[in-house]
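Enquirer: If you scroll down you'll find the structure; I have some questions about it.
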Amino acid sequence: MAPTNVEVWRPTDTIPPAPETPGSEIFRPDILNVIEKKIEGISKELNDLSLDIHAHPELKFEEHRTHDVLTKFMEQQGFEVKTHYQNLPTAWLATYKHGQGGRTIGVNSEMDALPSIGHACGHNLIGTAGVAIALSMKEVLERFNISGTIQLLGTPAEEGGGGKLILLEKGAYKDMAACLMQVLSMLLKKYLTSEKGVILPLVQRDHAHAALSPWEGRNALDAAVLAYTNVSALRQQLRPSVRVHGIFSGEDWAVNVIPDNAKYSCFIRTTTAAELEEVVQRVTPCFSAAAEATGCQYKITRVMKSGDIRQNKALGDEVARVVRSRYGGIDYEWGIHSASTDFGDVTYALPSLHPGFAIPTVENGGNHTHAFAASAAGIQAHNACMDVSKALAHAGIRVLIDDEFYAEVKRTFEANEPVKP
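Numbering (the working numbering), first residue to last: 1365 to 1785.
And the structure:
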């Protein structure tokens, strides 16, 4: 570990070995100083970018404006940008390569908002954080003449669309030695594995007048409501870590016409993939029983499945050291315990880290609320986001230049060791 008074090396120099300093918390303070100076120097520009995204929320796979804003910004910063990446209209890839050879460090930027409540998960900040991490690492590669590649991947549709799952299947992560991103809510803990769907259309063949001849119809909405009620009863026998929740929808409904179609969209979340399958097997009869009781036809479509997050302990410890040393404490227990994300499958494919950070909000103003959306536009939220970005950038650079550390990152990934305080 390097002493705090080490000089900043110029691009003409080779990377010197970092001497040990007893008690030092930070691998390379000189590199972290460059990262901090870069992010602080463009902080206002990054905040303006975040607020612009926040003011124009776009839903999953519809992030066209945000796609254009972020890709234009990254082009202006000297990155090679591929728009509409991997044939996804709102995905993108910004790449910066310096020197010859070296590893590739990946970063993710999320973009999508939620229906009716906008950026209530703070993707305006998460997207901007990816930019901050990438730009500060670029500054380090240039300043210290480090060979390596930065890939900033714009990932659409985290909120229920599984954009990262699609990109993973298309090979978007194949060149990355490790991948970093962050989420609002400091936490280094597993998310839940989840399945979107089961989606249950409950249908009959014909409409019927609700007053004149209700016996001629089969009420698909009744079937959906019964399925919902069955699931509600089942929750009493599910483990505390399990979450099952859903909504109704339909087409061409009218108060005086018995609905001939209804859809109960259900989200199941568990701590492991094995437990997920067990819960699916218990939830499925809730649907078939509802359809049989009402005389309706039904079809179950399993739409999207994402894994739990395997946080990489070596990467997590590195970020924690920097945060503790410079920006505050680490809390391994408080945060988002019962959420899920499409980043989970990425963590099964390559060493990855997805820490959370807290932002100030009103009481009961947690994620996916109007209050949280308002808080995500605050300067305190931006400042917290920038601090975590600095720590993640430092960890990313260490992946590129420290062979022993990267070997530990890979060993941790292969062993899948749990993250502990």
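A virtual CB, placed ideally from N, CA and C, is assigned to each residue, including glycine. Bear in mind the structure is a predicted one, so any value in this text is a computation, not a measurement.
Out of curiosity, what's the CA-to-CA distance linking Gln1464 and Leu1505?
Expert: Position 100 of the sequence shown, counted from the first residue, corresponds to residue 1464. Position 141 of the sequence shown, counted from the first residue, corresponds to residue 1505. Straight-line Cα distance between these residues: approximately 12 Å.
Enquirer: Unbroken alpha helix (DSSP H) runs of length 4 or more, entirely within the region 1743–1778: which are they?
Expert: 1743–1765
Enquirer: Pick from Asp1432, Leu1457, Pro1453: whose alpha carbon is nearest that of Glu1444?
Expert: Position 80 of the sequence shown holds residue 1444. Nearest of Asp1432, Leu1457, Pro1453 to Glu1444, Cα basis: Leu1457.
Enquirer: Apply the 10 Å Cβ neighbour rule to Ala1597 and answer buried if 16 or more other Cβ atoms are within range, or exposed otherwise.
Expert: Start at 1 with the first residue of the sequence shown, and residue 1597 comes out as number 233. Exposed, since its Cβ has fewer than 16 Cβ neighbours within 10 Å.
Enquirer: Quick one: what does DSSP say His1428 is sitting in, helix, strand or coil?
Expert: Indexing the sequence shown from 1 puts residue 1428 at position 64. It is helical.
Enquirer: Which residue's Cα is closest to the Cα of Arg1599: Lys1677, Asp1624, Val1647?
Expert: Position 235 of the sequence shown, counted from the first residue, corresponds to residue 1599. Among Lys1677, Asp1624, Val1647, the Cα nearest to that of Arg1599 belongs to Val1647.
Enquirer: Would you give the residue range spanned by the beta strand (DSSP E) that Arg1603 belongs to?
Expert: By 1-based counting over the sequence shown, the position of residue 1603 is 239. No beta strand (DSSP E) contains Arg1603, which DSSP labels as neither H nor E.
Enquirer: Leaving out five residues on either side along the sequence, give the residues of the same chain with a beta carbon under 8 Å from the beta carbon of Asp1751.
Expert: Mapped onto the sequence shown, residue 1751 falls at position 387. If we look at Asp1751 and ignore the five residues flanking it on each side, its Cβ neighbours are Val1687, Arg1690, Tyr1691, Gly1692, Phe1721.
Enquirer: Looking at Ala1584: is its Cβ nearer than 7 Å to the Cβ of Ala1626?
Expert: On the sequence shown, position 220 is the one that residue 1584 refers to. On the sequence shown, position 262 is the one that residue 1626 refers to. Contact: yes.
Enquirer: State the DSSP-derived secondary structure class of Ile1694, mapped to helix, strand or coil.
Expert: As a working mapping, residue 1694 is identified with position 330 in the sequence shown. Looking at Ile1694 - three-state DSSP - the assignment turns out to be coil, as it is neither helix nor strand.
Enquirer: May I ask which residues mark the beginning and end of the beta strand (DSSP E) holding Gln1675?
Expert: Along the sequence shown, read from residue 1 onward, the residue named residue 1675 stands at position 311. It is not in any beta strand (DSSP E) - Gln1675 carries neither H nor E in the DSSP assignment.
Enquirer: Indicate the three-state DSSP secondary structure (helix, strand or coil) for Glu1533 in the structure shown.
Expert: Indexing the sequence shown from 1 puts residue 1533 at position 169. Glu1533 falls in the helix class under three-state DSSP.
Enquirer: DSSP has Gly1610 in a bridge; who is on the other side?
Expert: Within the sequence shown, the letter at position 246 stands for residue 1610. Note: Gly1610 sits in a beta bridge opposite Cys1630.
Enquirer: Taking the beta strand (DSSP E) that Val1471 falls in, what are its first and last residues?
Expert: Taking the sequence shown and counting its residues from 1, the one referred to as residue 1471 is at position 107. Looking at the DSSP string, the run of the beta strand (DSSP E) that includes Val1471 is 1468–1474.
Enquirer: Do Asn1676 and Phe1777 have their C-beta atoms closer together than 7 Å?
Expert: What you label residue 1676 is simply residue 312 of the sequence shown in a count that begins at 1. What you label residue 1777 is simply residue 413 of the sequence shown in a count that begins at 1. Result yes, Cβ atoms of Asn1676 and Phe1777 sit closer than 7 Å.
Enquirer: Label Gln1601 either buried or exposed according to how many other C-beta atoms from any shown protein chain fall within 10 Å of its C-beta, with 16 as the threshold for buried.
Expert: On the sequence shown, position 237 is the one that residue 1601 refers to. The C-beta of Gln1601 has fewer than 16 other C-beta atoms within 10 Å across all chains shown, which makes the residue exposed.
Enquirer: DSSP three-state call for Gly1720: helix, strand or coil?
Expert: Numbered from its first residue, the sequence shown carries residue 1720 at position 356. Looking at Gly1720 - three-state DSSP - the assignment turns out to be strand.
Enquirer: Name the one or two DSSP bridge partners that Ala1584 has.
Expert: Taking the sequence shown and counting its residues from 1, one reaches residue 1584 at position 220. According to DSSP, which records beta bridges pairwise, Ala1584 is partnered with nothing at all.
Enquirer: Shortest alpha-carbon distance to Gln1546 belongs to which of Ala1738, Val1773, Asp1706, Lys1774?
Expert: Here the question's residue 1546 lines up with position 182 in the sequence shown. Selected option, being the one with the closest Cα: Asp1706.
Enquirer: Using three-state DSSP, classify Asn1780 as helix, strand or coil.
Expert: Counting from one through the sequence shown, the residue named residue 1780 turns up at place 416. Look at Asn1780 here: in three-state DSSP terms it is coil, with no helix or strand label.
Enquirer: State yes or no: is the C-beta of Val1595 within less than 7 Å of the C-beta of Cys1650?
Expert: Residue numbering aside, residue 1595 sits at position 231 when the sequence shown is read from its first letter. Residue numbering aside, residue 1650 sits at position 286 when the sequence shown is read from its first letter. Against a cut-off of 7 Å, the Cβ pair of Cys1650 and Val1595 comes out as a contact.
Enquirer: If you run the structure through DSSP and keep just helix, strand and coil, what is Lys1401?
Expert: Numbered from its first residue, the sequence shown carries residue 1401 at position 37. Here Lys1401 sits in helix by DSSP.
Enquirer: In chain order, what residues of the same chain have a beta carbon less than 6 Å from the beta carbon of Ser1511, not counting five sequence neighbours either side?
Expert: On the sequence shown, position 147 is the one that residue 1511 refers to. Closer than 6 Å at the Cβ level, and outside the excluded window around Ser1511, lie Gly1463, Gln1464, Gly1465, Gly1466.
Enquirer: With the cut-off set at 7 Å, would you say Gly1494 and Asn1472 are in Cβ contact?
Expert: By one-based count along the sequence shown, residue 1494 stands at place 130. By one-based count along the sequence shown, residue 1472 stands at place 108. Yes, the Cβ-Cβ distance between Gly1494 and Asn1472 is below 7 Å.
Enquirer: Whole-angstrom Cβ separation of Leu1413 and Phe1391, contact assumed at under 8 Å?
Expert: By one-based count along the sequence shown, residue 1413 stands at place 49. By one-based count along the sequence shown, residue 1391 stands at place 27. Not a contact, Cβ separation roughly 29 Å.
Enquirer: For Pro1715, which of Gly1518, Leu1764, Met1540, Lys1424 has the nearest alpha-carbon?
Expert: The residue given as residue 1715 occupies position 351 in the sequence shown. Closest option to Pro1715, Cα to Cα, is Met1540.
Enquirer: What does Ala1618 pair with, by DSSP beta-bridge criteria?
Expert: Along the sequence shown, one-based indexing puts residue 1618 at 254. According to DSSP, Ala1618 bridges with Val1621.
Enquirer: Return the Cβ separation of Ala1521 and Lys1424 in integer angstroms, given the expectation that the two are a contact with Cβ distance under 8 Å.
Expert: Looking up residue 1521 in the sequence shown gives position 157. Looking up residue 1424 in the sequence shown gives position 60. With 8 Å as the limit, Ala1521 and Lys1424 qualify as a contact, their Cβ atoms being about 4 Å apart.
Enquirer: Report the rounded CA-to-CA distance for Val1644 versus Ile1622, giving the unit in angstroms.
Expert: Position 280 of the sequence shown, counted from the first residue, corresponds to residue 1644. Position 258 of the sequence shown, counted from the first residue, corresponds to residue 1622. Roughly 30 Å between the two C-alpha positions.
Enquirer: Is the Cβ-Cβ distance between Ala1655 and Ile1481 less than 7 Å?
Expert: Position 291 of the sequence shown, counting from 1, holds the residue named residue 1655. Position 117 of the sequence shown, counting from 1, holds the residue named residue 1481. Taking 7 Å as the Cβ cut-off, Ala1655 and Ile1481 do not qualify as a contacting pair.
Enquirer: Let's test the definition: count the other Cβ atoms within 10 Å of the Cβ of Gln1515 and tell me whether it reaches 16, buried, or not, exposed.
Expert: Along the sequence shown, one-based indexing puts residue 1515 at 151. Its Cβ being crowded by 16 or more others within 10 Å, Gln1515 is buried.
Enquirer: Can you tell which of Thr1636, Glu1772, Ala1741, Thr1513 has its C-alpha closest to the C-alpha of Gly1849?
Expert: With the chain running from 1365 to 1785 in the structure shown, residue 1849 is simply not present.
Enquirer: How would you write the range of the alpha helix (DSSP H) that Ile1490 sits in, first residue to last?
Expert: Residue numbering aside, residue 1490 sits at position 126 when the sequence shown is read from its first letter. From DSSP, the alpha helix (DSSP H) with Ile1490 extends over 1487–1507.
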